Every structure is written in structure tokens, then in C-alpha cells.
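Okay, structure first, notes after.
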Amino acid sequence: MPDPLTTFDPDSVARLRRAIVRLARVLNAAAISEDLTPSQASVLAIIGFRGPIGPTEAARIEGINPTMLSRIATKLDAAGLIRRTPHPTDQRAALLEATDEGRATTLRIREKRSATVTAILAGMPEQQAAALLAALPAMEELADGFDRAAEAR
Numbered sequence: 007m008p009d010p011l012t013t014f015d016p017d018s019v020a021r022l023r024r025a026i027v028r029l030a031r032v033l034n035a036a037a038i039s040e041d042l043t044p045s046q047a048s049v050l051a052i053i054g055f056r057g058p059i060g061p062t063e064a065a066r067i068e069g070i071n072p073t074m075l076s077r078i079a080t081k082l083d084a085a086g087l088i089r090r091t092p093h094p095t096d097q098r099a100a101l102l103e104a105t106d107e108g109r110a111t112t113l114r115i116r117e118k119r120s121a122t123v124t125a126i127l128a129g130m131p132e133q134q135a136a137a138l139l140a141a142l143p144a145m146e147e148l149a150d151g152f153d154r155a156a157e158a159r
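Below, the structure written as C-alpha cells:
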């Protein structure tokens, strides 16, 4: 089987990587506007979407170590965006749950990000915007590949 790193034009791979980084930077501005780091916003979204959730599970989903998750959770808790609640079956454990303010913050971030993408798409030539939307399955597969690579580490 050929090595996937040598079957693609290195310049095209570099362009794709730079585009992904630039897109992440633009989308991360929504988190920063809420006085959160991108990691804090991501953890908050996981807790809001999947919570109440155990810290170990949240760390696994986010792809960070439990110590980093604990630091982020402490900051989110201090900001009133999440709360720790007792685990119903394990007295030694806690669950993380988004507060109403945390859910509202996540919604604002999501709406800002969606508005940004919508505005950029609207400003593009119609054929390019349609090509991007048609490439969604491939982009989702690329994102899934990042997840699989992170799990393998």
C-alpha cells in the first residue's frame, strides 16, 4: 500500500493545512469574544451538549488529558458557566453540567460562528460556495480522520 503522505502533492497538502488553520483562527474569534479560550469554549460545548457528563468522558471526547480538563472545568465553574454535581451512583465522583449562562454562551458562540461562515459563503462566487458545500462529506471525513489519529496516539 502506498504511503499516503507521498501520494499527495506536498504543496496542495500545505495549502489545505494553512486553510484549516486560518479557518480555525477565524472561528475561534467567537470564543475569544466571550472571554474564553478555544479549548474552554469547546469543553463548554461538550458539557452543554452531552452533560451532565463525567470529567473523564469529557476529556476523552475533547482529546485532552484529564488534568487539562480539570483546569478548564475549574475556570468554567468559577465563571458560572458550568457546575459540578454529585454523581448519582458514585459518591466519590462528580458530573459536569452547563448552567443556563453556560448554555447561552455556547449558543452565542455557535451563532457567531454560523454567521461568520454564512457571510463568507455569501461573499464567494456561487460556484465556489456550491463546491464547498458539495465537499462537506469529504471535509467531515477529514475531521473524522483527525479524531481517529488522535485516538491512536
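Each residue of the sequence shown is one higher than the one before, starting from 7 at the first, in this note's numbering.
No residue lacks a Cβ here, since even glycine has one placed at the ideal position from N, Cα and C.
Keep in mind the model is a prediction, meaning the values are calculated, not measured.
Counterpart residues of residue i in DSSP-defined beta bridges
| i | result |
| --- | --- |
| P92 | A100 |
Which listed residue (the options) has its alpha carbon closest to that of residue i
| i | options | result |
| --- | --- | --- |
| A35 | A144, P131, A121, E146 | A121 |
| E117 | L22, S18, E40, G129 | E40 |
| A100 | D83, G151, D106 | D83 |
| R149 | V32, V27, T124 | It is Ala, not Arg, that sits at residue 149 in the sequence shown. Minimum Cα distance to A149 is reached at V27. |
| V123 | L29, F14, P16 | L29 |
| I25 | A140, M145, T73 | Note on identity: in this sequence residue 25 is Ala, with Ile being the wrong assignment. With distances taken between Cα atoms, A25 lies closest to M145. |
| F55 | P72, R66, L113 | L113 |
Rounded distance between the beta-carbons of residue j and residue i, thought under 8 Å
| i | j | result |
| --- | --- | --- |
| G108 | I88 | 5 Å |
| T91 | P58 | 6 Å |
| A37 | I126 | 18 Å between Cβ atoms; not a contact. |
| R119 | L22 | Actually they are not in contact, since the Cβ atoms of R119 and L22 sit about 20 Å apart, beyond 8 Å. |
Contacting residues, own chain, Cβ-Cβ under 6 Å from residue i (five flanking each side not counted)
| i | result |
| --- | --- |
| T80 | none |
| A135 | L127 |
Contact set for residue i: own chain, Cβ-Cβ below 7 Å, skip 5 residues either direction
| i | result |
| --- | --- |
| L102 | I53, G57, P58, I59, P61, A64, A79, I88, R90 |
| T111 | E40, L50, L87 |
Same chain, Cβ closer than 8 Å to residue i, neighbours up to 5 away in sequence not counted
| i | result |
| --- | --- |
| E68 | S45, S48, V49, I52, L75 |
| T105 | G86, L87, I88, R89 |
| H160 | Given that the chain is displayed from residue 7 to residue 159, the structure contains no residue 160 and the question cannot be resolved. |
| D17 | none |
Checklist entry - Where are the alpha helix (DSSP H) runs, 4 residues long or more, that stay fully inside the segment 43-80, in chain order? => result If only complete runs of 4 or more residues are kept, the segment 43-80 shows the alpha helix (DSSP H) at 44-56, 61-68, in order along the chain.
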